[in-house]
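One structure below.
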Amino acid sequence: MANSKFEYVKNFEQPDKLLPNTWVVVRIDGRGFTKFSTKYGFEKPNDKRALDLMNAAARAVVSELPDITIAYGVSDEYSFVFHKTCALFERRSSKIVSTVVSTFSAYYVHYWSTYFPETPLSPPLPSFDGRAVCYPSVQNLRDYMSWRQADCHINNLYNTTFWALIQQGGIEALEAEKMLKGTLAADKNEILWSKFNINYNNESEIYKKGSVIFRDYELVQPGTHNTATEVDKQAQPIQQSKNQVDKERKLRGKAQIVVEHLDIIKDDFWDQRPWLLSNKPGKGKALKET
Ligand SMILES: Nc1nc2c(ncn2[C@@H]2O[C@H](COP(=O)(O)OP(=O)(O)OP(=O)(O)O)[C@@H](O)[C@H]2O)c(=O)[nH]1
Ligand SMILES: [Mg+2]
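Heads up, the sequence shown stops at 290 in UniProt numbering, and the numbers go up one at a time, no gaps.
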């Protein structure tokens, strides 16, 4: 059949393929959350309800997209890591990013009333931007995750001290900012302890470490495997039948998805959970009801 004379417009669609065999990290970030958090009276520096809501929405995203191997969130941002062998959406950046952003935003609105039952949403509604970045090696990926968690620590220590000075010390924001300028972590710890009797170590893990979401299986003894090296050596996806791929995806889909507040910078976290990098379902633990 003859094509319509309009069909030439298809040629305007440009390729936006993500590099093959790389870890795809989609990071979403709340748009204008400085204003949004004021509008809904988020507690400063951390609002547990707001973080739990972010975690609930992110957990739903991980559950709907079994090719996401791990996710990490802090403040109004979340990073979702697609395994390097993931072939979802033809590895097209726009498709992957828009799917994550829209799924996340939809769930954020869906769960809003669970976490903020007293304050219904009104326009402008919460929205998120997103981007995809490819990381070629396990080291690059781990450094990316470490970067986000280190950022979480730096920001949280700063914000905790800043708001203690204001809320408990009765100091003006500008004055607090001046006091903290050029201070090191040890100085902030000292201010918290000497002025407010706050031991930063005793602050909630969710604030200090952020949140990490993954499928939970039996922990593995570190040193018993070489998953990171083996996965890095894999130059292209292992040839698997579509059946096998579907089966594994289904298995991953059944695993319990947990939200934890762990140190993801240290080796132990990864060494104890080889399935995060191998994408092969681990052993044991109760499977989710289907
Ligand atoms: N009070 C409070 N504010 C929060 C909390 N989590 C995130 N925020 C706010 O969200 C902002 C996130 O920072 P950004 O993403 O850099 O700022 P933004 O206003 O969202 O700007 P864009 O992302 O560029 O649109 C913080 O500066 C806070 O104002 C929270 O738990 N409590
Ligand atoms: Mg933001």
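Glycine residues also receive a C-beta, built at the ideal position from the N, C-alpha and C atoms.
Taking the C-alpha atoms as reference points, what is the distance between residue i and residue j?
i                 : j              : result
threonine 160     : glutamine 234  : 43 Å
proline 66        : alanine 228    : 20 Å
glutamine 139     : methionine 179 : 37 Å
phenylalanine 162 : glutamate 177  : 7 Å
tryptophan 147    : tyrosine 40    : 29 Å
asparagine 21     : serine 241     : 18 Å
phenylalanine 128 : arginine 31    : 5 Å
threonine 38      : isoleucine 265 : 32 Å
glutamate 190     : methionine 145 : 28 Å
valine 245        : leucine 19     : 21 Å
phenylalanine 33  : serine 4       : 46 Å
tyrosine 158      : threonine 119  : 29 Å
proline 123       : lysine 35      : 13 Å
isoleucine 166    : proline 117    : 28 Å
lysine 247        : glycine 223    : 29 Å
asparagine 11     : glutamine 236  : 30 Å
asparagine 199    : asparagine 226 : 38 Å
glycine 170       : arginine 252   : 51 Å
lysine 44         : leucine 121    : 20 Å
glycine 182       : glutamate 175  : 14 Å
valine 109        : asparagine 201 : 33 Å
So, residue i versus residue j, is the Cβ gap smaller than 7 Å?
i                 : j                 : result
tryptophan 23     : lysine 95         : no
asparagine 55     : tyrosine 207      : no
leucine 219       : glutamine 272     : yes
phenylalanine 214 : isoleucine 70     : yes
valine 212        : tyrosine 72       : yes
tryptophan 275    : glycine 284       : no
glutamate 77      : aspartate 143     : no
cysteine 134      : valine 74         : no
alanine 50        : tyrosine 107      : no
alanine 164       : phenylalanine 196 : yes
phenylalanine 82  : isoleucine 68     : yes
alanine 132       : valine 97         : yes
tyrosine 115      : leucine 192       : no
Exposed or buried, what is residue i when buried is set at 16 or more other beta-carbons lying within 10 Å of its beta-carbon?
i                : result
alanine 150      : exposed
leucine 125      : exposed
threonine 290    : With a pLDDT of only 44 at threonine 290, under the threshold of 50, the placement of this residue in the model should not be trusted; the figure read from the coordinates follows. With fewer than 16 Cβ atoms within 10 Å of its Cβ, threonine 290 is classed as exposed.
proline 136      : exposed
leucine 184      : exposed
isoleucine 238   : exposed
tryptophan 188   : One point to set straight first is that residue 188 is lysine, not tryptophan, in the sequence displayed. Flag for lysine 188 reads buried.
isoleucine 154   : exposed
residue 301      : This structure leaves residue 301 out entirely; the chain is present only between 1 and 290.
phenylalanine 42 : buried
glycine 130      : buried
serine 105       : buried
threonine 103    : buried
leucine 277      : buried
serine 113       : exposed
asparagine 243   : exposed
Using only alpha-carbon positions, find the residue among the options that is nearest to residue i.
i                : options                        : result
leucine 262      : Glu205, His225, Ser79          : Glu205
arginine 91      : Ser75, Lys17, Thr99            : Lys17
asparagine 156   : Asp267, Gly210, Gln256, Val26  : Gly210
asparagine 279   : Asp267, Lys250, Ile265         : Lys250
valine 26        : Glu64, Ser75, Tyr107, Thr99    : Thr99
phenylalanine 80 : Leu141, Leu53, Pro120          : Leu141
glutamate 203    : Ser37, Pro15, Lys48            : Lys48
valine 259       : Pro222, Ser122, Ser63          : Ser63
serine 194       : Gln168, Gly182, Thr119, Tyr217 : Gln168
residue 292      : Asn243, Asp267, Gly182, Gln236 : For the chain, the structure presents residues 1 to 290; residue 292 sits outside this window and is missing.
glutamine 14     : Lys44, Ser93, Phe6             : Ser93
tyrosine 217     : Asn243, Lys44, Lys254          : Lys254
Give the C-beta separation of residue i and residue j to the nearest angstrom, bearing in mind that I take them to be a contact with Cβ-Cβ under 8 Å.
i          : j          : result
tyrosine 8 : alanine 57 : Not really, about 40 Å apart at Cβ, beyond 8 Å.
Shorter than 7 Å from the beta carbon of residue i to some beta carbon of chain B?
i             : result
glutamine 234 : No chain B appears in this structure, which consists of one protein chain only.
When you measure from the CB of residue i to every non-hydrogen atom of ligand 4, does any distance come out below 6 Å?
i             : result
threonine 119 : In the structure shown, ligand 4 is absent; the only ligands present are ligand 1 and ligand 2.
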